[in-house]
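Worksheet for the structure shown next.
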Ligand code: NAD
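See the structure below:
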């Protein structure tokens, strides 16, 4: 293994029990990282751990609600028992479909608590340990919704816009500590997250909606979790040492090629 090695690195991945996060956990573990999974769904996180252990690699699962600061702090301290964390992936996120007329106060609070405050909680708790790493990396999972208008995604877009600006703010403030902070902005990726919102919001029209959402990427399909994980791997590896404060589109051309 010459390039993109994560040997001896300690990585924290939120939402590693499913979809993009799961793929990141498996990919990082295969590259030699010890992976610590923080997920609300402990059973799902444990399944990821089993798959990683079956490969002979290292992983631990923790039940964690990223929206709960005390919970995050406790777990991050456990992860960092040897003093450092090298990589933090803020991946846990939840969706909501609807324009502002369909967004109730409780929806807004729920989306804020997980998608924004969750990122704040995890960065705040991990920073002392990322500083000790000397080469700390934070990667946030933003979205195409961070930069372009998407129909009926008011609350979700609001939170993902904040993930983008959190990325810029952290990158600037902690560059002096050797910490790099970037985000990736996926288009639609085929995960349980997408299947879930199609099922809940378009019952009986699942196949039709799947086709429609696939075609909104000019490339003609949804992304694959592994494709997100491979970009995440590059950005968290030492090979990306010159990259900070950047937002990487990984969207089949959604943001730049959808004009005509
Ligand atoms: P997913 O629903 O398949 O997985 C999300 C994981 O996060 C689950 O394991 C879930 O248990 C966990 N989680 C949810 N709330 C949590 C909480 N409060 N605390 C801890 N863990 C929690 O989702 P996915 O499609 O893999 O999406 C992952 C990230 O990528 C999200 O931030 C999402 O917004 C973003 N994203 C997804 C897509 C897409 O099309 N799938 C596109 C752009 C961005």
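Residue numbers (our numbering): 19 to 278. Virtual Cβ for every residue (Gly too), placed ideally from N, Cα, C.
I want to check one thing, is the minimum distance from the CB of residue 62 to the heavy atoms of the ligand NAD below 7 Å?
Answer for residue 62: yes, Cβ within range of the ligand NAD.
Integer-rounded CB distance, given that residue 249 should sit under 8 Å from residue 237
Contact between residue 237 and residue 249 does not hold, since their C-beta atoms are separated by about 15 Å, which reaches or exceeds 8 Å.
For residue 191, the three-state DSSP class (helix, strand or coil):
Look at residue 191 here: in three-state DSSP terms it is helix.
Can you tell me the Cα-Cα spacing of residue 124 and residue 173, whole angstroms?
About 11 Å.
Can we count residue 161 as close to the ligand NAD, meaning its CB is less than 7 Å from some heavy atom?
With a cut-off of 7 Å, the C-beta of residue 161 is classified as near the ligand NAD, since at least one heavy atom of the ligand falls inside that distance.
Identify whether residue 184 lies in helix, strand or coil by the three-state DSSP scheme.
If DSSP states are grouped into helix, strand and coil, residue 184 belongs with the helices.
What I want to know is whether the C-beta of residue 147 ends up closer than 7 Å to one or more non-hydrogen atoms of the ligand NAD.
In this structure, residue 147 has its beta carbon at no less than 7 Å from each heavy atom of the ligand NAD.
Out of 195, 138, 203, 147, point me to the one whose CA is closest to residue 159's CA.
Out of 195, 138, 203, 147, 203 has the C-alpha closest to the C-alpha of residue 159.
Who are residue 57's beta bridge partners in DSSP?
According to DSSP, residue 57 shares a beta bridge with 81.
Taking Cβ to Cβ, would you say residue 209 is nearer than 8 Å to residue 36?
Taking 8 Å as the Cβ cut-off, residue 209 and residue 36 qualify as a contacting pair.
Compare the beta carbon distance of residue 32 and residue 39 with 8 Å and say whether it is the shorter of the two.
Contact flag set, yes.
Let me know the secondary structure DSSP gives residue 32 once reduced to three states.
In the structure shown, residue 32 sits in a strand (DSSP, three-state: E or B).
Which of the three DSSP states, helix, strand or coil, is assigned to residue 63?
Residue 63: helix per DSSP, three-state reduction.
Helix, strand or coil for residue 37 per DSSP?
It is helical.
Can you name the start and end residues of the alpha helix (DSSP H) that residue 166 belongs to?
Careful: residue 166 lies outside any alpha helix (DSSP H) and carries neither H nor E.
Nearer than 7 Å: is that true of the beta carbon of residue 206 relative to any heavy atom of the ligand NAD?
Closer than 7 Å to some heavy atom of the ligand NAD: that describes the Cβ of residue 206.
Residue closest to residue 157, alpha-carbon to alpha-carbon, out of 151, 169, 147, 141:
When each option's Cα is compared against that of residue 157, the closest is 141.
Of the residues 228, 271, 98, which one's Cα is nearest the Cα of residue 150?
Relative to residue 150, the option among 228, 271, 98 whose CA is nearest is 98.
Quick check: residue 93 and residue 80, are their CB atoms within less than 8 Å of each other?
The beta carbons of residue 93 and residue 80 sit closer together than 8 Å.
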